[in-house]
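Following our numbering, the numbering of the sequence shown begins with 19 at its first residue and continues without gaps.
To start, the structure itself, in structure tokens.
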Amino acid sequence: MKKLLLAGLLLASCTAPGSGYVQADLATFEAIAPSYSAYVLADPLLNQPEKDRRLLVVETWRARLYTAPGVLK
Numbered sequence: 019m020k021k022l023l024l025a026g027l028l029l030a031s032c033t034a035p036g037s038g039y040v041q042a043d044l045a046t047f048e049a050i051a052p053s054y055s056a057y058v059l060a061d062p063l064l065n066q067p068e069k070d071r072r073l074l075v076v077e078t079w080r081a082r083l084y085t086a087p088g089v090l091k
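Following this line, the structure appears as structure tokens:
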């Protein structure tokens, strides 16, 4: 029984997130990413590598969202 439950959980974790989740994450991204990116670019306490790393996080978040199933492009 435990093996069957574990196999089911493993298979469930391999599926893509649902459309509702993706749409909610997209709304969160669109609300947060622009102001966060502006903050990063303007922060005088961050050096260029620190800014680049933070902006890369925003870019990879965007890329994952816009390639996810269920996102209207």
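Backbone N, C-alpha and C define an ideal beta-carbon position, used for all residues, glycine too.
Using only the alpha-carbon positions, how far apart do residue i and residue j sit?
i: residue 50; j: residue 65; result: 22 Å
i: residue 35; j: residue 77; result: 19 Å
i: residue 37; j: residue 43; result: 10 Å
i: residue 58; j: residue 39; result: 27 Å
i: residue 68; j: residue 86; result: 27 Å
i: residue 61; j: residue 72; result: 12 Å
i: residue 53; j: residue 80; result: 14 Å
i: residue 56; j: residue 70; result: 12 Å
Just confirm the distance between the C-beta atoms of residue i and residue j, as a whole number of angstroms; I'd bet it's less than 8 Å.
i: residue 83; j: residue 47; result: 6 Å
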